[in-house]
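S.K.: Before I ask anything, let me first share the structure, which is written out below as structure tokens.
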Amino acid sequence: MAGDAARQPRRAGLLLIPRWRESATRHLTPTKRSLIVTWIAFGVTWGTVRTITHGIRGGWLPWGNISARGRHLHHYNIGIATLAVIGVIAVRGDDRAVGHPAIAVSYGAGTALIADEFALLLDLQDVYWARQGRLSVDVSLGILSALGAYLTAVPFWHECARVTRHHLASAARRNLPPIG
1 MAGDAARQPR
11 RAGLLLIPRW
21 RESATRHLTP
31 TKRSLIVTWI
41 AFGVTWGTVR
51 TITHGIRGGW
61 LPWGNISARG
71 RHLHHYNIGI
81 ATLAVIGVIA
91 VRGDDRAVGH
101 PAIAVSYGAG
111 TALIADEFAL
121 LLDLQDVYWA
131 RQGRLSVDVS
141 LGILSALGAY
151 LTAVPFWHEC
161 ARVTRHHLAS
171 AARRNLPPIG
């Protein structure tokens with residue numbers, strides 16, 4: 001009996017993740033799953049790149065810029081190459097690759113690498129660290145990433161919120177910790 005009571009809080013926390021999966025299965029088509037993965041990859045890549053570039057510039061990361069034969073390679077170059085590979089896969093129409101999470105992650109990451117240096121591409125001048133417009137670009141890209149992930153699957157997010165509220169209320173009624 002005492003062993004069952006000790007396992008109860010752990011089980012209560014673990015039940016939430018399968019319920020989220022069930023909601024995803026019910027509300028997300030394969031296309032919407034790919035779009036969510038794409039948007040999340042965009043946001044994570046964009047945030048990671050911003051952190052790395054600030055770390056390189058601030059000297060608190062142990063490495064420097066990527067260069068080839070003395071020429072600085074901007075991360076938009078990597079993004080363009082990534083999207084070119086994704087384009088080849090799309091043109092080939094490989095059924096196993098279309099909709100695969102790795103393709104969605106690559107597309108989102110490649111797009112973020114390009115978007116992060118959009119001002120450089122727009123003006124063809126290296127204005128990455130210029131004060132003009134940096135804050136608005138940073139904020140807008142962050143909002144774009146979060147909004148894209150949300151709008152891609154509104155019913156899924158609403159269902160997850162409902163399931164989570166129900167789970168937390170149920171755990172509170174039973175005096176269990178809400179999550180593991």
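Residue numbers 1 to 180, in our numbering, belong to the letters of the sequence shown in order.
Backbone N, C-alpha and C define an ideal beta-carbon position, used for all residues, glycine too.
Does the contact criterion of 3 or more C-beta pairs under 8 angstroms hold for the stretch 50-67 versus the stretch 103-112?
M.R.: Counting Cβ pairs under 8 angstroms, fewer than three are found: no touch.
S.K.: Indicate whether Ala41 and Gly108 have their beta-carbon atoms separated by less than 8 angstroms.
M.R.: Yes, Cβ-Cβ distance for Ala41 and Gly108 is below 8 angstroms.
S.K.: Less than 6 angstroms between C-beta atoms, sequence neighbours within five positions excluded: which residues of the same chain meet that for Leu61?
M.R.: Excluding residues within five positions, the ones whose Cβ falls inside 6 angstroms are Gly55.
S.K.: Output the boundary residues of the alpha helix (DSSP H) element that contains Ala24.
M.R.: Its alpha helix (DSSP H) spans residues Leu16 to His27.
S.K.: Work out the CA separation of Ile89 and Asp95 for me, nearest whole Å.
M.R.: Using only the alpha carbons, I get a separation of about 10 angstroms.
S.K.: Which same chain residues end up closer than 6 angstroms to Gly148 when comparing Cβ atoms and leaving out the 5 residues on each side of it in sequence?
M.R.: Once the five neighbours on either side are set aside, the close Cβ partners of Gly148 are Trp39.
S.K.: Using 8 angstroms as the limit for Cβ to Cβ distance, is Arg71 near chain C?
M.R.: Note that chain C does not occur in the displayed structure, where there is just one protein chain.
S.K.: If you draw a straight line from the C-alpha of Val44 to the C-alpha of Arg165, how long is it?
M.R.: When rounded, the distance between both Cα atoms is 26 angstroms.
S.K.: Inspect the CB distances between the stretch 114-121 and the stretch 12-31 and report whether three or more fall short of 8 angstroms.
M.R.: Not touching, per the Cβ criterion.
S.K.: Provide the residue span of the alpha helix (DSSP H) that contains Arg57, from first to last.
M.R.: Taken as a continuous stretch (DSSP letters only), the alpha helix (DSSP H) holding Arg57 covers Pro30 to Gly58.
S.K.: Buried or exposed: Gly58, going by 16 or more other Cβ atoms within 10 Å of its Cβ?
M.R.: It is exposed - the Cβ of Gly58 has fewer than 16 other Cβ atoms within 10 Å.
S.K.: What do you reckon, are the CB atoms on Glu159 and Ser34 nearer than 8 angstroms?
M.R.: Contact: no.
S.K.: With a cut-off of 8 angstroms on the beta carbons, I'd call Val49 and Ala112 a contact; round off their distance for me.
M.R.: Indeed they touch by this definition, with Cβ atoms about 7 angstroms apart.
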